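A short write-up of the structure that comes next.
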Amino acid sequence: MENALPCIELEHVSKRFGDQPVLRDIHLTINHGEFLTFLGPSGCGKTTILRLLAGFERPSTGRVRIGGTDVTDLPPHRRAVNTVFQNYALFPHMTVFDNVAFGLRMRRAPAKVIEEEVFSALRMVKMETHHTRRPSQLSGGQQQRVAIARAVVNKPLVLLLDEPLSALDYKLRKAMQIELKELRRTLGITFVFVTHDQEEAFSMSDRVAVMNEGVIEQIDSPSAIYEKPVNLFVARFVGEINTFEGRVLSRNGTSMQALVEGEEVRLSLGGNGNGNGAHCGGTPASCGSLSQGSPIKVLLRPEDVRLERAAPNDAGGLTGCIVDTVYKGMTIDLIIEMTGGKKILATEFFNEDAPEALFSVGERVRVGWVEDWEVVLPDEGSQSL
Amino acid sequence: MKDRSLFKALAVTLTVGWLAVFVIVPNLLTLATGFLTRGEPEFVLPVFTLENYARLFDPAFFDIFLDSVWLALCTTVLCLLVGYPFAYILARLTPARRRLGLLFVVIPFWTNSLIRTYALIAILNVNGLLNAVLLWLGIITEPVELLYTNTAVFVGFTYTLLPFMILPLYASIEKLDHRLIEAARDLGAGSFQTFFRVSLPLTLPGIIAGSMLVFLPALSMFYVPDILGGAKSLLVGNFIRNQFLVARDWPFGAAASVLLTVVMGLLLYVYWLCHKRVRKAEPA
Amino acid sequence: MKRMVKAAYLGTVYLFLYLPLAVLTVYSFNDARHVVAWKGFTTRWYAKLAENAVLLDAAVNSLLLAAASATAATVIGTLAAIALKRYRFTGRTILSTSMYVVMMSPDIVMGISLLMLFVLMGLPLGFTTLFLSHVTFCLPFVTVTVLARLTGLDGNLVEAAMDLGAREFEVFSRIILPLAMPGVLAGWLLSFTLSLDDVIISFFVTGPTFEILPLKIYSMVRLGVKPEVNALCAVMFGITLAVVFLTHLCFKERK
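Protein chains in written order, with the numbering used here: chain A, 2 to 386; chain B, 6 to 289; chain C, 671 to 925.
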């Protein structure tokens with residue numbers, strides 16, 4: 002982190018609309034210059050957090066601090082944040098120039114300064130030749146860029162972006178993601194982004210906060226979230242995941258014997274901080290509490306599955322039959338129906354040099370994994386998805 | 006947000022204040038005056054009485070009230086019978102013709118109803134147009150005294166208020182989804198049934214709105230009976246006017262006004278009920 | 671065949687609506703005082719009308735009153751629409767209920783209740799009382815028109831303005847008002863017409879010092895048919911025709 006001083010602090014913030022709780026005890030810190038994304042399904046509360054930061058909503062409990070100042074009671078026009086709205090919200094009766102100049106005019110900046118700053122901002126988003134146009138004459142992508150210019154020209158401490166790319170088509174969205182990252186590098190200000198698109202969140206952010214029903218499930222770097230999800234929700238929300246049922250047989254320090262899908266297997270626990278150690282998700286306490294008889298879930302990403310042809314009379318719990326293959330160019334997805342009836346997904350790289358290594362539909366295979374690549378979670382019975 | 010904006014305070018105070026002073030207070034005054042006694046030379050004496058409201062049921066007033074209600078009702082029904090087919094046909098024209106047609110309904114709507122009422126005199130007069138035509142056609146042998154009768158007032162109300170019926174009807178009929186009618190036909194309903202079971206219920210809000218816009222003014226527009234009905238015609242509107250400006254019996258006039266307001270309230274309630282029912286039946 | 675029947679029906683109703691006015695206009699050119707029969711073409715009644723200072727004064731007064739009332743009603747009505755749409759305040763129910771009451775009340779009830787108010791306040795009847803009354807009954811129509819326009823407005827625009835540093839008044843003057851302007855103008859026009867047209871309410875709150883046209887016509891009309899009145903009515907009908915056509919053309923171009 003360039004500057005580890007906190008820029009935004011949410012202190013035990015909660016929000017209810019009537020008697021409907023929308024945010025439950027949100028407590029987090031965002032650092033200066035950080036790009037943080039709130040990721041989650043619709044209704045999880047991510048937009049509400051953004052609105053709380055902007056000042057359009059007030060928290061039911063808790064305080065909000067921006068740049069060290071307590072802004073909980075401050076209205077939007079007194080906060081050093083600017084928002085880029087999902088539908089751009091450009092003023093239809095003003096030109097591009099007037100739109101971008103609006104914030105500066107509100108602060109009574111002198112005309113010369115306004116002109117310089119506005120054109121500088123428009124150049125940054127490559128829209129300087131359109132300054133006399135009206136929003137209705139611009140395409141979606143162009144409106145998006147003007148909306149960004151209108152926000153950044155005021156040099157806010159924080160830039161809030163509410164699903165700004167969701168209305169754009171795929172190619173444009175990818176291009177804008179790259180532009181936004183560049184913009185952040187140039188400006189160096191804090192970006193708070195909201196999206197429900199996991200790929201988008203991962204490609205742009207320093208940290209991602211995965212949210213569900215008003216609670217932050219995990220806040221971490223994209224790789225940590227992907228490889229070390231703390232619970233089933235996060236694991237399932239981000240990418241594909243296979244779940245095996247199991248029960249602890251015995252525990253020995255950093256490894257344990259467990260019954261997984263009916264077969265006895267050795268699982269390793271406790272990452273040693275190298276990033277590649279098998280991870281026990283959940284809180285350290287709950288992992289520590291795993292003992293003989295505890296029910297567990299073993300999670301495996303499709304690309305971490307290792308298959309080998311099963312012996313003819315091998316009908317163990319970790320064997321299955323390939324029921325479908327999906328060719329994806331670089332990879333092949335294999336859908337395997339296990340002995341117990343469960344279907345899992347395995348992704349293999351397509352190896353042109355060893356075509357005999359290709360599995361085909363109907364073959365029986367044994368499912369395994371590279372040691373330490375599995376994730377073990379305590380089975381909280383109420384976790385349902 | 007807890008922002009103490011001067012602008013907001015000003016806007017709220019001005020608007021609420023104005024309406025409180027010029028709408029709430031006068032209506033409360035009217036209500037209160039109905040319970041007081043008339044005085045001389047002041048208009049009202051602060052002596053509580055229920056006599057005014059009791060006198061409303063005297064034949065002297067109540068007959069007038071019933072006459073007025075009957076006349077207003079007939080006017081409403083006639084306007085409805087004439088106006089509904091008109092609005093229906095108009096709504097089915099091509100968009101260009103529709104706009105033109107609406108324009109020509111709006112013109113009399115905007116023309117001062119006083120002038121339009123006056124224009125009827127030339128038609129209804131003893132030596133007016135209507136008599137001239139009827140004589141010429143041989144339907145009558147002597148000119149008929151149409152003016153200064155209740156019939157003239159009836160014609161006057163219908164003539165003045167017809168556009169007020171047509172416009173809400175048109176608005177409601179225009180929103181009617183033609184596919185619903187086609188669906189009904191498809192299911193075997195004849196024209197008659199389709200109308201009564203599909204079109205009519207769905208255009209009910211328009212019918213009620215139009216009826217209210219005709220019925221209430223027909224009860225209270227005193228210049229129509231004044232001009233066309235002469236001294237003989239006494240309806241509620243004239244009666245109230247007389248109480249205030251001729252007989253100087255303000256409390257009684259106020260009580261009659263309150264009665265009128267109650268009638269209006271009842272009609273609004275009926276409208277609200279019908280509107281709710283149609284709303285519930287509509288797809289979201 | 672069916673189309674002919676429909677056309678005939680439409681035609682008949684239109685005839686019914688316009689015949690009296692057409693007859694009126696024709697007779698305003700009739701060179702005869704009391705007789706219905708046609709005695710020749712003349713414009714002398716119009717000449718007489720132009721010389722009638724009392725009527726012209728009343729006409730000017732009506733226009734002045736209408737312009738003043740429309741302007742005041744538009745200002746207050748627009749503020750009311752914005753208050754109803756954007757703010758939460760005590761008295762919100764009073765505001766919307768009163769608007770509704772005014773729109774639905776029979777004119778005569780409004781007329782007498784305002785008369786009683788003015789008598790109670792000790793206000794002499796004249797321009798002031800007329801003005802206050804006209805503003806009051808025009809208000810709700812402005813509010814309804816402006817509200818309709820406001821509801822179509824993108825809510826994000828107001829938030830964007832606040833986000834960029836605008837305070838309440840600036841949000842109003844730079845964002846809301848420009849975008850709601852068509853509704854505001856329509857409200858003004860509506861109020862102007864309603865004020866010009868009003869007979870009943872004005873009847874109760876008018877005074878000897880400020881004569882307005884509808885009431886002057888009323889007193890003349892009660893005395894029976896008179897050629898100058900024919901001419902006057904024809905003129906007013908002509909003006910209405912012109913105004914309606916003009917607004918129609920104006921709004922057609924907008925679309």
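Ideal Cβ positions, reconstructed from N, Cα and C, are used throughout, including at glycine. None of the values given here were measured: they were computed from a predicted structure.
Task: Proximal residues of chain A, C-beta to C-beta of residue 827 of chain C below 7 Å - done: As a working mapping, residue 827 of chain C is identified with position 157 in the third sequence. Near residue 827 of chain C (Cβ distances below 7 Å), the residues of chain A are 90, 92.
TODO: Pull up the DSSP beta-bridge partners for residue 711 of chain C, would you.
DONE: Walking along the third sequence from the start, residue 711 of chain C turns up at place 41. Bridge partners of residue 711 of chain C: C/700.
Open item on the list: So, at 7 Å on beta carbons, what are the nonlocal neighbours of residue 154 of chain A in its own chain, with the 5 sequence-adjacent residues on each side left out?
Closed with: Here residue 154 of chain A refers to the residue found at position 153 of the first sequence. If we look at residue 154 of chain A and ignore the five residues flanking it on each side, its Cβ neighbours are 101, 104, 105, 118, 119, 122.
Task: Closest Cα partner of residue 1 of chain A within the set A/114, A/337, A/212 - done: Residue 1 of chain A is absent from the model: chain A starts at 2 and stops at 386.
Open item on the list: Need the endpoints of the alpha helix (DSSP H) that residue 23 of chain A sits in, please.
Closed with: Translated into positions along the first sequence, residue 23 of chain A becomes position 22. Run containing residue 23 of chain A: none in the alpha helix (DSSP H); it sits in the beta strand (DSSP E), 21-32.
- [ ] Just the chain B side, please: which residues come within less than 8 Å of residue 839 of chain C by C-beta, in chain order?
- [x] Your numbering for residue 839 of chain C matches position 169 in the third sequence. Going along chain B in sequence order, the residues near residue 839 of chain C (Cβ under 8 Å) are 10, 11, 12.
- [ ] Output, in chain order, the set of chain C residues within a Cβ distance shorter than 9 Å of residue 55 of chain A.
- [x] Along the first sequence, one-based indexing puts residue 55 of chain A at 54. Going along chain C in sequence order, the residues near residue 55 of chain A (Cβ under 9 Å) are 829, 832, 833.
Task: residue 103 of chain A at chain C interface by Cβ criterion, 8 Å - done: For this step, residue 103 of chain A is matched to residue 102 along the first sequence. With 8 Å as the cut-off, residue 103 of chain A counts as an interface residue toward chain C.
Open item on the list: Is there a Cβ of chain A sitting closer than 8 Å to that of residue 725 of chain C, yes or no?
Closed with: Position 55 of the third sequence, counted from the start, is the residue given in the question as residue 725 of chain C. Residue 725 of chain C does not count as touching chain A.
TODO: Measure the C-alpha to C-alpha separation of residue 742 of chain C and residue 106 of chain B and round it to an integer number of angstroms.
DONE: Looking up residue 742 of chain C in the third sequence gives position 72. Looking up residue 106 of chain B in the second sequence gives position 101. Roughly 33 Å between the two C-alpha positions.
Open item on the list: To the nearest angstrom, how far is the alpha carbon of residue 877 of chain C from that of residue 101 of chain B?
Closed with: Residue numbering aside, residue 877 of chain C sits at position 207 when the third sequence is read from its first letter. Residue numbering aside, residue 101 of chain B sits at position 96 when the second sequence is read from its first letter. Residue 877 of chain C and residue 101 of chain B: Cα-Cα distance of roughly 47 Å.
Open item on the list: Rounded to whole angstroms, what is the Cα-Cα separation between residue 192 of chain A and residue 353 of chain A?
Closed with: Locating residue 192 of chain A in the first sequence gives position 191, where the first residue counts as 1. Locating residue 353 of chain A in the first sequence gives position 352, where the first residue counts as 1. About 43 Å.
Task: residue 78 of chain B versus residue 223 of chain B: straight-line alpha-carbon distance, rounded - done: For the purposes of this step, residue 78 of chain B is taken as residue 73 along the second sequence, with counting starting at 1. For the purposes of this step, residue 223 of chain B is taken as residue 218 along the second sequence, with counting starting at 1. Taking the straight line from one Cα to the other gives about 8 Å.
- [ ] For the segment 782-790 of chain C and the segment 269-276 of chain B, state whether three or more C-beta atom pairs, one from each stretch, are separated by less than 8 Å.
- [x] At 8 Å Cβ cutoff, the stretches do not touch.
Task: For residue 91 of chain A, the three-state DSSP class (helix, strand or coil) - done: The residue given as residue 91 of chain A occupies position 90 in the first sequence. Looking at residue 91 of chain A - three-state DSSP - the assignment turns out to be coil, as it is neither helix nor strand.
Task: Cβ neighbours of residue 275 of chain A in the same chain (closer than 7 Å, five flanking residues each side left out) - done: As a position in the first sequence, residue 275 of chain A is number 274, starting the count at 1. A caution first: residue 275 of chain A carries a pLDDT of 38, below 50, which makes its placement in the model unreliable, though a value can still be read off. Close CB contacts of residue 275 of chain A within its chain, under the 7 Å cut and outside five residues either way in sequence, are absent.
Open item on the list: Determine whether the beta carbon atoms of residue 377 of chain A and residue 327 of chain A lie at a separation below 8 Å.
Closed with: Residue 377 of chain A sits at position 376 when you count from the first residue of the first sequence. Residue 327 of chain A sits at position 326 when you count from the first residue of the first sequence. Not closer than 8 Å, so no.
Open item on the list: Run through chain C and tell me which residues come within less than 7 Å of residue 242 of chain B, C-beta to C-beta.
Closed with: Here the question's residue 242 of chain B lines up with position 237 in the second sequence. 778, listed in chain order.
Open item on the list: Tell me the rounded alpha-carbon separation between residue 885 of chain C and residue 262 of chain B.
Closed with: To locate residue 885 of chain C, count along the third sequence from 1; it is residue 215. To locate residue 262 of chain B, count along the second sequence from 1; it is residue 257. Cα to Cα, residue 885 of chain C sits roughly 22 Å from residue 262 of chain B.
Open item on the list: Do residue 44 of chain B and residue 57 of chain B have their beta-carbon atoms positioned less than 8 Å apart in this structure?
Closed with: By 1-based counting over the second sequence, the position of residue 57 of chain B is 52. By 1-based counting over the second sequence, the position of residue 44 of chain B is 39. Contact: no.
TODO: Kindly list, in the order they appear in chain C, the residues whose Cβ is closer than 8 Å to that of residue 77 of chain A.
DONE: The count along the first sequence starts at 1 and reaches residue 77 of chain A at position 76. Residues of chain C passing the Cβ test: 829, 832, 833.
Task: Boundaries of the alpha helix (DSSP H) in which residue 258 of chain A is found, first to last residue - done: In the first sequence, residue 258 of chain A corresponds to position 257, counting from 1. Run containing residue 258 of chain A: none in the alpha helix (DSSP H); it sits in the beta strand (DSSP E), 256-261.
TODO: Name the residue from B/62, B/116, B/34, B/285 whose alpha carbon lies nearest to the alpha carbon of residue 865 of chain C.
DONE: Position 195 of the third sequence, counted from the first residue, corresponds to residue 865 of chain C. Taking only the C-alpha atoms, the option nearest residue 865 of chain C is B/116.
- [ ] Give a yes or no on contact between the segment 160-175 of chain A and the segment 127-137 of chain A, applying the rule of three or more CB pairs nearer than 8 Å.
- [x] no
Open item on the list: Could you compute how far the alpha carbon of residue 835 of chain C sits from the alpha carbon of residue 77 of chain A?
Closed with: Residue numbering aside, residue 835 of chain C sits at position 165 when the third sequence is read from its first letter. Residue numbering aside, residue 77 of chain A sits at position 76 when the first sequence is read from its first letter. Answer to the nearest angstrom: the Cα atoms are 7 Å apart.
Open item on the list: In the DSSP output, what is residue 369 of chain A paired with across the bridge?
Closed with: Taking the first sequence and counting its residues from 1, one reaches residue 369 of chain A at position 368. Paired residues: A/307.
Open item on the list: Quick check on residue 814 of chain C - is its C-beta less than 8 Å from some C-beta in chain B?
Closed with: Taking the third sequence and counting its residues from 1, one reaches residue 814 of chain C at position 144. By this cut-off, residue 814 of chain C is not an interface position.
Task: Within 8 Å of chain D by C-beta, residues of the segment 686-697 of chain C in sequence order - done: No chain D is present in this structure, whose protein chains are A, B and C.
Open item on the list: Suppose contacts are defined by Cβ-Cβ distances below 8 Å. Is residue 24 of chain B in contact with residue 749 of chain C by that definition?
Closed with: One-based indexing of the second sequence puts residue 24 of chain B at position 19. One-based indexing of the third sequence puts residue 749 of chain C at position 79. No. Outside cutoff.
Open item on the list: Taking the alpha carbon of residue 757 of chain C as the reference point, which residue from B/270, B/204, B/247, B/15 has its own alpha carbon closest?
Closed with: On the third sequence, position 87 is the one that residue 757 of chain C refers to. The shortest Cα separation from residue 757 of chain C among B/270, B/204, B/247, B/15 belongs to B/15.
- [ ] For the alpha helix (DSSP H) holding residue 242 of chain B, just list the boundary residues, first then last.
- [x] Counting from 1 along the second sequence, the entry for residue 242 of chain B is found at position 237. Looking at the DSSP string, the run of the alpha helix (DSSP H) that includes residue 242 of chain B is 241-250.
TODO: Could you list which residues in chain A have their beta carbon closer than 8 Å to that of residue 845 of chain C, in chain order?
DONE: Looking up residue 845 of chain C in the third sequence gives position 175. Within 8 Å Cβ-Cβ: 92.
TODO: For the beta strand (DSSP E) containing residue 18 of chain A, list its first residue and its last residue.
DONE: Along the first sequence, one-based indexing puts residue 18 of chain A at 17. From DSSP, the beta strand (DSSP E) with residue 18 of chain A extends over 7-18.
Open item on the list: Run through the DSSP bridge pairs and tell me what residue 219 of chain A is partnered with.
Closed with: The count along the first sequence starts at 1 and reaches residue 219 of chain A at position 218. Residue 219 of chain A pairs with A/211.
Task: Closer than 8 Å to chain C by CB, residue 44 of chain B - done: Translated into positions along the second sequence, residue 44 of chain B becomes position 39. By this cut-off, residue 44 of chain B is not an interface position.
- [ ] Consult DSSP for residue 38 of chain A and reduce its assignment to one of helix, strand or coil.
- [x] The residue labelled residue 38 of chain A in the question sits at position 37 within the first sequence. Reduced to three states, the DSSP call for residue 38 of chain A is strand.
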